[in-house]
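Protein chains in written order, with my numbering: chain X, -19 to 233; chain W, 7 to 252; chain S, 1199 to 1775. Cβ coordinates follow ideal geometry from the N, Cα and C atoms, glycine included. Only a predicted model underlies this, so the values are computations on that prediction, with no experimental measurement involved. These notes are about the structure you will find just below.
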Amino acid sequence: MPATFTRSVVDSDRKRKDPGFGGRPPLDRRPTGGGGGDENWENHSRGRGPRALLIRYRLGVFSALAGDLMFFMALVTAFFFRQSSGHFDPHGAYQLDWRALAMPPILYINTAILLLSSLTMEIARRQLFREVDVMEEWLGLGRPVARRVTPWLMATAILGVAFLIGQWMAWSDLAQQGLFFASNPSSHFFYLITGAHGAHLVLGVLGIFAALASLTLLRRLELRQIFVDCMAWYWHSMGLFWIFLFGMLVFCQ
Amino acid sequence: MLYAPWWMPPNAAAHGYAVDTLMRWDVGAMVGCFVLAHGLLIWLLLRPRRSSTAPLTRSVELLPLLLLTALYIAMAISAERVWAHERFEGAAPAALRVEVVGQQFQWYFHYPGADATYGTSQPQLVNAALGNPLGLDPEDSHGADDIVASELVLPIGREVDLQLRSLDVIHGFFLPDMRLKQNAVPGQSLHVHFTPVHEGVYPVLCSQLCGLGHARMQARLRVVSASAYQGWLASRAPHHAEVAAQ
Amino acid sequence: MSEAHTVPGSSRSRVARIFASLFTTDHRTLGIRYLLLSLIAVAAGTLLSLAMRIQLAWPGIPFPRHGPMLPEEYLSLVTMHGTLMVFFVLTTAPQSGFASLVLPAQIGARRMALPWLNAAGFWIVALALVVLLSAFLLPAGGPISGWTSYPPLSAVPAAGPGQGAGMDVWLVSIGLFCIGSWLSAVNMLATIVGERVRGMTLGRMPLTVWSWMVSSLLILLAFTVLFAALVLLLCDRHIGTAFFIPRGDLVSGQIVGHGDGSPLLWLHLFWFFGHPEVYIAILPAMGLVSGLVANFSRRTIVGYPLMAATTVLIGLLGFLVWGHHMFVSGMNPYAGNAFALTTMAIAVPSTAKVFSWLGTLWGGGLHRTTPMLFALGFISFFIAGGVTGPILALPALDAYLHNTFFVVGHFHLIMAMAGGFAIFAGVYYWFPLMTGRLMNERLGRWHFWLSLVAAYGTFLPMHLEGLAGRPRHYYQLTGSTSSLASLMPMERGVTWAAFVLGTAQLIFLANLCWSSRHGRPAGENPWQATTLEWAAATPSEIFRGPYEYGAAAHDQAQNGAHKQDFTSQWESLREQE
Ligand code: HEA
Ligand code: HEA
Ligand code: CUA
Ligand SMILES: [Cu+2]
């Protein structure tokens, strides 16, 4: 076997033996330091230590979300492009086929719910890094972190489900008025945007349940923290996206 | 008409001369760059190897870049002129008006007739079998004297204002000899104008993939003398009248 | 390759081991798999292109056990050829393939940041390829609307054979590809930003790493837009929305347009993706070639900061030029002028890169190894295909050249051949990292010279055909006019050249098979390179820039008695011991 492969073997079983943390307790000295880890642009030490691992995953989440944002931006562009496109009727007058769509009132309640869920999520996230608990849990003297985080995650998940149900009710509300996906450009976009965002939230809720499970299943504390932390950032972004999209749907009809 | 296939066919439109000059200059310049660069490459490849020398001075590296940037700017400015002249403002009011309609897979040319106004047309009425390929509305009196032809006949030396439509998918209206290309987009009607300056028969091609008949979607452009054009109109007019009648 | 991953003497059961090696997250293994995947894709794409060439040179010639080629069959060949080559070859091999192979090593990381994303990306892309190829099995045949899939042709199943199931398959496949490349781009970015070894500052990253970083960003921002466009198109096809289909649109006797959709919306969305896409295809190639040029002329890159800057600049400007594909599409002519300017602007950094390569060659002594030959081939093709760019960028001229073979010539030289030669260069260069052996030099030279000559023979005449007004997507050159029929001799010439070109690739395949077993063992750092992928073991810190060869290396080396003419990044300076 060629020389290079012996190297890859070494790599892979080092991967198994040494998890790649310097055996330091997983404390996040900047509780809210989320900004995609710009701080370690210039020569930081190689990806070791729980902090670096956290940064690594946050980086992933944030760059993924950047792409996701472009997806919604494309829909938004299409929204405005489509809004302004019409046709000439036989008399040569320019007709727009866009019929302004009145938002089902329940959406405002849903929005409030989503904001609230973001709040609970943030509280859950903060619990992850309370130094006393982390040390205690890291030393194996019980699971204060998990204990503190679980209820808030629960709350977030429940609120998330509530939001989704609310969205569903909004849809059936429109359906009652005879406004379906294909009815009018405005309804195309309403269903498309709420649908795409809803799909993201379904993933989010599943993710939260997975995170809850991880709190008991994952063996390493830092991994538990990472899971919850990344879910939190994802959840916040979905909240932001919704505010933006909903604002557009309301004010740009 | 056969020509050596290493350049554009002879130009036959008033605006084409500017295009050809531009093409000659720019292709010349870029071929020059290509030859220069490759002369250099080949020399570098063939020259005896020597150990690397001290880096060139910055100016020696930046000078050619500045030169080429200047070249690009010159190309851009000179070309913007031609483009602006071709497309920015529409045809003169006196221009002859013809509607070009693309459909899988042929071109129709719709002349407004004596009253100089197109009859309105609706997709529901399209029926090539009944001789109404564009769906002209029989109710509309303007349509009565309209002419729908499968070849484009134009009088020499008169500006023509083409109005492009498509019934189904995007087609590309391409007159190589007139240095003219514009897509015909369904749901839009786009105007292009030009002045043929040489009599002759020229190809009308479809330049936008529109389905399995794309390659077959060709028509003819006949540029004829003014009198011959009037004759042609006369020969076509009555025939169409009774089509519109039924 | 994958069994290399499993640890000898581990107590796991055989099944578990096979499973583990199948779904391994080892980046080197994944890199090789990515390359094999695009090798399959390029083989298929090449066969399709040769079938196309036969039909074009001898229209209506019967194919064995099939008969004459129908127009729709020709068009689905073009579509599949373009899709395979652009997505599954030129986006996959240089980006995911080579990056998985050497990126971690080059920045001194032991593993990718999120290896499982990389693996997931691979399997999704592989699935996408299978889905795409399955279009050939459909009764109605594959899609016929080209790799750009303009609606309404692509939005209305009735618009042509293959536009029903075939088009859906195409859309699903490309959708999967978007997701797959999106995942692996996330991993790349996180790796490059977060995993660099101590001392690997931005200013010390090899140019390949710069390119992979920018390309990953482009993938994140461009492919998601394409994905949105695909979703909209699928809605138009199946849910009865009207995003792209205009009112009263009449396809084969049926009125299918019920809202004021606009085909131009698709063009804008597609080309907003499409242009960055072509730079995603070429940026890694540029980075790779820069490294090779420095390595084999034993000299530092001329203007490394400039090269890094132009890479970023090309990436950014790439988002501002999409309109140059739409000059005559019905877009506002004023916009045409604006896009002409941005396009001219993007030509400048590309030209700067060319001069940096030429300058480096000038200053250095050139070693004619096979990888270097292919790197030179890349430069030659990039110039040859590039110089036609600024011509196409001018609306006044593009209004004649658009959708003619002039364009086909342009992008085959600069994308197909330049990109292809860069991939070849990379394979010849990094082969030791895959197999520990070197590829055969003599076969390599034959492969190079034959391909070079044949490629020019194939794609230069296309420019002349384009100037003569020969449009794209024509399955034969007959019609109501004789103007195109007069091109037939040239068509035949192109086809013969294409055959030589295709055959020359067999030499490469033979070399690949032979060398992987019997090639000369490479040993440590066979090319006397300075970048980290050639280091014996992953260093814990690096001390210098990536390309310290020749004179520069002597200056850097603190001790006068420095025998080798290069200083590797992992070599420490004297004072530091
Ligand atoms: C990477 C892109 C790529 C490549 C390599 C090729 C290769 C070839 N192409 Fe392709 N072609 C396209 C991209 C490409 N093409 C696209 C995008 C279109 C437009 C489709 C559309 O309009 O929808 C097109 C269309 C197109 C047409 C126009 C059809 C028409 O409009 O009527 C023709 C006609 O001759 C043609 C011919 C060929 C030929 C003879 C080759 C030969 O050169 C093939 C020889 C093969 C090689 C020299 C191998 C190159 C090696 C690699 C790429 C890397 C190898 C990979 C590994 C080692 C891992 N192509
Ligand atoms: C890797 C892919 C790639 C790359 C890098 C490029 C690079 C460029 N492309 Fe290309 N292009 C494509 C792939 C690519 N293109 C494809 C696939 C299509 C067709 C899509 C389709 O319709 O199917 C296309 C089509 C296309 C069009 C649309 C044509 C049409 O459909 O009508 C235009 C128009 O502006 C264009 C412009 C340019 C320009 C200005 C560059 C510039 O970046 C080029 C910059 C390079 C140079 C300018 C060369 C510099 C060197 C010199 C000048 C030598 C000087 C040296 C000395 C003198 C010593 N391209
Ligand atoms: Cu009509 Cu192509
Ligand atoms: Cu482009």
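W/L168 is the residue among W/L168, W/G96 and W/A76 whose C-alpha sits nearest the C-alpha of W/L102. Residue contact with chain S for X/T174: absent (no Cβ-Cβ distance below 9 Å to any residue of chain S).
Residue pairing by DSSP places S/Y1747 opposite S/F1764 in a beta bridge. For W/A225, the three-state secondary structure derived from DSSP is strand. Taking one beta carbon from each stretch, the stretch 1448 to 1456 of chain S and the stretch 170 to 183 of chain W have 3 or more pairs nearer than 8 Å; the two touch. Pairwise C-beta distances place the stretch 1419 to 1433 of chain S in contact with the stretch 1471 to 1490 of chain S, as three or more of them are shorter than 8 Å. Annotated three-state conformation of S/A1666 is coil, per DSSP. The C-alpha of S/G1319 is placed about 5 Å away from the C-alpha of S/L1381.
Put simply, the CB of S/F1375 is far from chain X, with every gap to its CB atoms at 9 Å or more. Among the residues of chain W, those whose CB is under 7 Å from the CB of S/N1601 are G178, S213 and Q214, following chain order. Beta-carbon to beta-carbon, S/V1367 and S/L1336 are separated by about 7 Å, close enough to satisfy the 8 Å threshold.
Sequence-distant Cβ neighbours of S/G1397 in its own chain, meaning closer than 7 Å and more than five residues away, are E1739, I1740 and F1741. Note that the C-beta distance between W/Y235 and W/P161 is below 9 Å. Short of 6 Å from the beta carbon of W/P129, and not among the five residues preceding or following it, lie these beta carbons of its own chain, in chain order: G141.
Taking C-beta atoms under 8 Å as the contact rule, S/G1642 and S/N1709 qualify, at a distance of about 6 Å.
By the CB criterion at 9 Å, S/V1651 and S/V1698 fall inside the cutoff.
S/G1489 and X/A32 have their C-alpha atoms some 30 Å from each other.
By the neighbour-count criterion, in which a residue is buried when 16 or more other Cβ atoms sit within 10 angstroms of its Cβ, S/E1689 is buried.
Nearest CB-CB separation between W/W238 and chain S: not below the 9 Å threshold. If you check the C-beta of S/S1548 against ligand 2, you find a heavy atom less than 8 Å away. In the DSSP assignment, W/L142 forms a beta bridge with W/S127. From the listed residues X/A92, X/W118 and X/V125, the smallest Cα separation to X/A104 is found for X/V125. Less than 9 Å separates the beta-carbon of S/P1482 from that of S/P1292. The Cβ-Cβ distance between X/M218 and X/G184 falls below 9 Å. Relative to the Cα of W/L28, the nearest Cα in the group W/G38, W/L42 and W/W89 belongs to W/W89. At a cut-off of 9 Å between beta-carbon atoms, W/Y78 makes contact with chain S.
Secondary structure in the stretch 94 to 180 of chain X: the alpha helix (DSSP H) runs of 4 residues or longer, each lying completely within the stretch, are 111 to 118 and 124 to 156 in chain order.
Here the C-alpha atom of W/W238 lies approximately 20 Å from the C-alpha atom of W/N138. Within the stretch 1412 to 1439 of chain S, those residues whose Cβ lies closer than 9 Å to any Cβ of chain X are, in chain order, S1414, L1415, I1417, L1418, L1419, A1420, F1421, T1422, V1423, L1424, F1425, A1426, A1427, V1429, L1430, C1433, I1437, G1438 and T1439. The residue from S/Y1673, S/N1316, S/S1343 and S/I1305 with its alpha-carbon nearest to that of S/L1400 is S/I1305. In this structure, X/L201 sits near X/W118, with a CB-CB distance shorter than 9 Å. For W/G217, the closest of W/A76, W/S147 and W/Q110 by C-alpha to C-alpha distance is W/Q110. For X/Q75, the enclosing beta strand (DSSP E) has its first and last residue at Y74 to L76. Residue-level contact by beta carbon holds for S/A1666 and chain W, with a gap shorter than 9 Å.
When DSSP reads this structure, W/A155 sits in a beta bridge with W/F115.
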